[in-house]
Amino acid sequence: MTPTPAKSAPERIDLAGRFVRLEPLAAQHARDLFEVSTMPGGPERYRWLFSNAPESLAELEARIAEMTWGENRYVAVVDQKSGKTVGQQGWMRIRPEHGSIEIGGVYWGLPMARTPLATEALYLFARHAFDDLGYRRFEWKCNNRNEPSKAAATRFGFTFEGIFRQDMILKGESRDTAWFSMLDSEWPALRAEYERWLSPDNFDATGQQKSRLATR
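First residue of the sequence shown: 10, per the working numbering; consecutive thereafter.
As structure tokens, this is what we get:
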């Protein structure tokens with residue numbers, strides 16, 4: 010079968026789920042994002058990102074203003090229950106002509122880390138990329154020393170592809186980059202498992218999962 014390009018790059022639209030809503034990152038998200046970035050344990054979650062934790066609200070506001078909707082396209086992760094911004098993530102390496110796109114620049118604050126919010130935030134990106142825009146390949150990349158990120162990629166159903174040795178210099182350190190991907194041929198089975206896991210039936214009255222996400 011002849012491969013086909015994706016329909017387009019992601020546009021400035023909201024993507025809504027049961028737990029989270031993804032909105033194009035803008036000034037109104039700065040205050041909440043600053044709070045989760047500076048709460049105890051928050052700055053440490055910037056360890057492997059390209060940026061450091063913001064030291065002031067003004068710094069974060071300026072940073073967001075520079076994140077134009079262009080080469081990379083960032084969204085805020087908003088908790089549907091509280092209405093608070095609890096993280097951010099971005100569309101990166103956007104190549105519709107090749108049908109390939111990456112989720113990157115991921116900062117999931119402590120209020121959403123290891124919760125259904127994080128899983129659904131990833132699912133909404135994957136579903137939009139594959140089902141709405143027709144991408145063939147969805148990528149996840151991280152520092153090879155970032156063990157939690159590699160474990161998350163595996164849990165989410167990405168396949169490890171290899172390591173780009175001495176890929177870049179980041180924060181004064183040499184970075185080997187681990188590459189993971191998910192393909193359109195794999196997505197239908199993964200989508201079914203995501204939807205099963207995110208279903209209200211999979212959570213008890215306290216919000217605890219009854220079964221784990223089984224992508225392998």
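The beta carbon of each residue, even a glycine, is placed where N, CA and C say it ideally should be.
query                                                                                                                                          : result
Residue 152 - DSSP class collapsed to helix/strand/coil                                                                                        : strand
Contact set for residue 198: own chain, Cβ-Cβ below 6 angstroms, skip 5 residues either direction                                              : none
Run of the alpha helix (DSSP H) containing residue 200, from where it starts to where it stops                                                 : 196-207
Selected residue, minimal CA-CA separation from residue 72, among 137, 132, 36, 210                                                            : 36
Whether residue 39 touches residue 20 by CB criterion (8 angstroms)                                                                            : no
Residue nearest to residue 62 in terms of C-alpha spacing, selected from 184, 97, 28, 87                                                       : 97
CA nearest to the CA of residue 224, picked from 213, 214, 204                                                                                 : 204
Cutoff 8 angstroms; reference residue 90; Cβ partners in own chain excluding five residues on either side                                      : 28
Close Cβ partners of residue 130 (< 6 angstroms) along its chain, the five nearest in sequence each way excluded                               : 29, 86
Where residue 46 falls, given that 16 or more other Cβ within 10 Å makes a residue buried                                                      : buried
Contacts around residue 121, its chain only, beta-carbon distance under 6 angstroms, and the 5 residues preceding and following it disregarded : 95, 96, 127
Residue 135 versus residue 147 - alpha carbon distance                                                                                         : 7 angstroms
Pair within 8 angstroms by beta-carbon distance, residue 191 and residue 166                                                                   : yes
Residue burial classification, residue 54 (beta-carbon count within 10 angstroms, cutoff 16)                                                   : buried
Residues near residue 193 by beta carbon distance below 6 angstroms, same chain, minus five either side                                        : 139, 145
Rounded C-alpha distance that separates residue 14 from residue 101                                                                            : 17 angstroms
Residue 31 and residue 84 closer than 8 angstroms at C-beta                                                                                    : yes
Pairwise C-alpha distance: residue 66 and residue 44                                                                                           : 9 angstroms
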